[in-house]
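Trainee: Take this structure, written in structure tokens, and hold onto it; I'll ask about it next.
2 protein chains.
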Amino acid sequence: ALAALPAQAADSPVIKWRMASSFPKSLDTIYGAAELLSRRVSALTNGKFEIRVFAGGELVPGLQVLDAVQNGTVECGHSASYYYVGKNMAFAFDCALPFGLTARQQNAWMYSGGGIALMRDFFKGYNIIQFPGGNTGTQMGGWFRHEIRSLADLKGLKMRIPGLGGKIMARLGAVPQTLAGADIYPALERGALDAAEWVGPYDDEKLGFYKIAKNYYYPGWWEGGPQLSFMVNLQKWNALPEQYRQAFEVAAVEANMAMLARYDTVNAPALMRLVQNGVKLHAFPKDVMLAARAAAFALYDEESARNPAFRTIYSEWKKFRDSEIQWFKVAEAPYENFLYYMK
Amino acid sequence: ALAALPAQAADSPVIKWRMASSFPKSLDTIYGAAELLSRRVSALTNGKFEIRVFAGGELVPGLQVLDAVQNGTVECGHSASYYYVGKNMAFAFDCALPFGLTARQQNAWMYSGGGIALMRDFFKGYNIIQFPGGNTGTQMGGWFRHEIRSLADLKGLKMRIPGLGGKIMARLGAVPQTLAGADIYPALERGALDAAEWVGPYDDEKLGFYKIAKNYYYPGWWEGGPQLSFMVNLQKWNALPEQYRQAFEVAAVEANMAMLARYDTVNAPALMRLVQNGVKLHAFPKDVMLAARAAAFALYDEESARNPAFRTIYSEWKKFRDSEIQWFKVAEAPYENFLYYMK
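Order-wise, the sequence lines are chains A and B.
Throughout the first sequence, residue numbering follows the working numbering, covering 89 to 431 in sequence.
Throughout the second sequence, residue numbering follows the working numbering, covering 89 to 431 in sequence.
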């Protein structure tokens, strides 16, 4: 029996952390990434580093996870950095900007293109170190009660679309609204909303929007590859044994990969079920796309002029994005376009 | 001084493995993934599980890594499973099939769509457990001395293209050749080859093909998202402590992610340099693409008829692929196409 009890190594203390997720358990693909990290970290440390995950609202409201990590209310969190653009628009680079990077390009920027170092410099000001922690891939553009035939149809349209996407929709004439997931369906039903975006087929199907608004638009140009993030309080991070830091870091990479892999797997059959239920798929009209892109880059220029943190990151991010486009348009996109469209 | 020496845990033995890579160190992005895994595994185990990586040819020839792992000559390897299609064409599913999955779809299939379990059943017959271990993304279609204007121009064309891509090129009238990387340049130079494919801009640039054959074609339809793999001898794997298995498994996920991130980062500027050096980019003509796709799926049907292992995996893989196409064509591809092509 003695041999089965490993000696307690001096540098392997028992550590228990709490992770506040911004998300409800019903968003199982997103929420599940935090649980995957927790399980893997535990297994890598023989159960000595234990991270308990709490759903949005259990410890702190979903949109206050960053604050709770910053002030040490919890040791770590799992959130979407663009929830915090009200503090500083530069948080968006850690998640998504309209007409920004795809999931693959976001990973390339973060892990290999200097993005993670740039963003850590910025997060340091919030007493946090962050790690890419999942991606949904390109989201859908949402559910519309009526067809959108041109830019003019956005005028006065009441749409649930938070964040920078909402800011740009406002510039196009729409009236953006911010509602929590559970409130969207009733608002659509009673006509308080004309349209609503959520995530993609797998998550949207569960909330039942297709029963009211049959027109399902693509692509979600405001979220071409939105990244979720794990955020850790800097003092707590620095106090961790090196082996535990390694475990957290590598488990975060796995969670990042696993979330995208799962979305890419479950969205496909969900989309097919929606279409079988009478959902009509539409591309956004070209004038909407062009006007939205112009409004987005005008917004980035304005923000760069007044926000030094944004400007510093934006100039690097933009160079990376433009370079990626030159490569992806040559190899990846023509391959995919042949697979998807060529008869 | 005593406190700095952690007690040796009973379940943390010192283990030293050798990993035979199929690749030369000059393919630094691919070779580097094995070194990344080695470093991470060591850090996760306080240096107790040490994996030393050897370049192709140092311990065993690059194309015999699978055999060396199978018979226990080395504990593990890093290779491309499609090197072994001569043993069984089903190995290709662990890497790439012409007109097959993109990098993201390969990850989705492996980690979430049942692919890894299917492939492990198959690898068990070779006394091996395998892990996805990197991806290049869609490769380029290679370097051609003369322009290819239609399918007829492939007739008699001597092209360096191994594996299934070569089999299909042969069905289109070309004369495929198998040459190691270092032998391609001289063969092109003396006219023994009319064309050669290698990887993509970053790796191709180093071998200097652009100095001889200026026409650079895309996409590499035979390698839309080729996966590299870590292969471990089953007895050695089963003898590992659970914590070490966890470390290997999660480090492999990271290496898989990191290789793609790095290729996506370094290919873009390499392509720009090549173009500045006078390289002419061309898409393969549509009749070449259509004929190649038809030949590829005819090959898969023939192989399914005679090879039960291939048939079992192919039917699942094909279902997954067709489903993915229905989803990616709706969200991801229209988003990317707008970014890349829309003025």
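Ideal Cβ positions, reconstructed from N, Cα and C, are used throughout, including at glycine.
1) Which class does A:S130 belong to by DSSP, given the choice of helix, strand or coil?
2) Since A:F297 meets chain B, which of its residues come closer than 7 Å, beta carbon to beta carbon?
3) Helix, strand or coil for B:N195? Go by DSSP, reduced to three states.
4) Tell me the residue span of the beta strand (DSSP E) that contains A:A305.
5) Straight-line CA distance for A:L260 to A:V376?
6) Just reading off the beta strand (DSSP E) that B:K104 is part of, what are its end residues?
7) Under 8 Å Cβ-Cβ, which residues of chain A neighbour B:G366?
8) Does DSSP put A:K417 in a helix, a strand or coil?
9) Check distances from the C-beta atoms of the segment 301 to 312 of chain A to those of chain B and list, in chain order, the residues that come in under 8 Å.
10) Could you please tell me which residues of the segment 408 to 421 of chain B, in chain order, have their CB closer than 7 Å to any CB of chain A?
11) If we define contact as Cβ-Cβ less than 8 Å, is A:G253 a contact residue for chain B?
12) Taking C-alpha atoms, which residue in B:E163, B:G366, B:E311 lies nearest to B:R140?
13) For B:S110, collect the residues of the same chain with a Cβ closer than 6 Å to its Cβ; drop the 5 residues on either side in sequence, then sort them by chain order.
14) With 9 Å as the limit, tell me which residues of the segment 340 to 359 of chain A have their beta carbon closer than that to any beta carbon of chain B; keep them in chain order.
15) Contact check, B:N159 vs B:N395 under 8 Å by CB: the rounded distance?
16) Counting only runs of 3+ residues fully inside the segment 107 to 191 of chain B, write out the beta strand (DSSP E) ranges in chain order.
17) Have a look at B:F408 and A:Y214 and give me their C-alpha separation to the nearest angstrom.
18) At which residues does the alpha helix (DSSP H) containing A:Q227 begin and terminate?
19) Secondary structure at B:R409, three-state DSSP: helix, strand or coil?
20) For the alpha helix (DSSP H) holding A:G251, just list the boundary residues, first then last.
21) Using 8 Å as the threshold, is the segment 277 to 285 of chain A in touch with the segment 385 to 402 of chain B, meaning 3 or more CB pairs across them?
22) If we count the other Cβ atoms within 10 Å of its Cβ and call it buried at 16 or more, is B:G279 buried or exposed?
23) Considering only C-alpha positions, which residue in the set B:Q414, B:F426, B:A268, B:R237 is nearest to A:L427?
24) Taking the alpha helix (DSSP H) that B:I272 belongs to, which residues open and close that run?
25) Mind checking who B:R248 pairs with in its DSSP beta bridge?
26) For B:Q193, would you say it is in contact with chain A, using Cβ-to-Cβ distances shorter than 8 Å as the test?
27) Starting from A:A371, trace the beta strand (DSSP E) both ways and give me its first and last residue.
28) Tell me, to the nearest whole angstrom, how far the beta carbon of B:P373 is from that of B:S238; I am working on the premise that it is less than 8 Å.
29) Since B:F187 meets chain A, which of its residues come closer than 7 Å, beta carbon to beta carbon?
30) Below 7 Å CB to CB, which residues in the same chain sit around A:V102 once its five sequence neighbours on both sides are set aside?
31) With a threshold of 16 other CB atoms inside 10 Å of the CB of A:E311, please say whether the residue is buried or exposed.
32) Please list the partners that B:A228 has in chain A, where partner means a Cβ-to-Cβ separation under 7 Å.
33) Could you please give me the residues that DSSP links to A:P220 through a beta bridge?
34) Taking 8 Å as the CB-CB cut-off, is B:R128 touching chain A?
35) Mind checking A:Y423: buried by the 16 CB within 10 Å criterion, or exposed?
36) So does A:Y304 have its beta carbon nearer than 7 Å to some heavy atom of the ligand GDP?
Mentor: Well, looking at it:
1) Secondary structure of A:S130 (DSSP, three-state): helix.
2) Within chain B, no residue comes near A:F297; the closest Cβ sits about 16 Å away, beyond 7 Å.
3) Assignment of B:N195 by DSSP, reduced to helix, strand and coil, places it in the helix class.
4) A small correction: the amino acid at residue 305 of chain A is Tyr; Ala does not occupy that position in the sequence shown. 303 to 306 is the extent of the beta strand (DSSP E) around A:Y305.
5) The alpha-carbon atoms of A:L260 and A:V376 are separated by roughly 8 Å.
6) For B:K104, the enclosing beta strand (DSSP E) has its first and last residue at 103 to 109.
7) By Cβ distance, chain A contributes nothing, its closest Cβ being about 16 Å from B:G366, past 8 Å.
8) Coil, per DSSP.
9) Here the close residues are Y306, P307, G308, W309, G312.
10) Those residues of the segment 408 to 421 of chain B that come within reach of chain A (Cβ to Cβ, closer than 7 Å) are S411, E412, I413, Q414, W415, F416, K417, V418, A419, E420, A421.
11) No, its Cβ sits nowhere closer than 8 Å to a Cβ of chain B.
12) Looking at the Cα atoms, B:E163 is the closest of the given residues.
13) Excluding its 5 nearest sequence neighbours in each direction, B:S110 has C-beta neighbours in its own chain below 6 Å: G144, G150, V153, S167, listed in chain order.
14) Those residues of the segment 340 to 359 of chain A that come within reach of chain B (Cβ to Cβ, closer than 9 Å) are V341, E342, N344, M345, A346, L348, A349, R350, Y351, D352, T353, V354, N355, A356, P357, A358, L359.
15) A Cβ-Cβ distance of about 23 Å is found for the pair B:N159 and B:N395, leaving them out of contact under the 8 Å criterion.
16) Whole beta strand (DSSP E) segments, 3+ residues: 137 to 142, 164 to 167.
17) One C-alpha to the other measures close to 43 Å.
18) Careful: A:Q227 lies outside any alpha helix (DSSP H) and carries neither H nor E.
19) In the structure shown, the three-state DSSP call for B:R409 is helix.
20) Secondary structure note for A:G251: its alpha helix (DSSP H) is the uninterrupted segment 251 to 259.
21) Counting Cβ pairs under 8 Å, fewer than three are found: no touch.
22) B:G279 should be labelled exposed.
23) The alpha carbon of A:L427 has as its nearest neighbour, out of B:Q414, B:F426, B:A268, B:R237, the alpha carbon of B:Q414.
24) Its alpha helix (DSSP H) spans residues 269 to 277.
25) Paired residue(s): B:Q265, B:A284.
26) Between B:Q193 and chain A, the shortest Cβ-Cβ separation is below 8 Å.
27) Counted as a single uninterrupted DSSP element, the beta strand (DSSP E) harbouring A:A371 occupies residues 368 to 371.
28) By a beta-carbon distance limit of 8 Å, B:P373 contacts B:S238. Their separation comes to about 5 Å.
29) Here the neighbours are L427.
30) Only residues of its own chain outside the window of five on either side were considered, and among them K136 have a CB closer than 7 Å to the CB of A:V102, listed in chain order.
31) Buried, since its Cβ has 16 or more Cβ neighbours within 10 Å.
32) First, the amino acid is wrong: residue 228 of chain B is Met here, not Ala. Neighbours of B:M228 on chain A, chain order: A419.
33) Per DSSP, A:S317.
34) At least one chain A Cβ lies under 8 Å of B:R128.
35) Counting other Cβ atoms within 10 Å of its Cβ, A:Y423 reaches 16 or more and is therefore classed as buried.
36) Questions concerning the ligand GDP fall outside what the structure shown contains, since it holds no ligand whatsoever.
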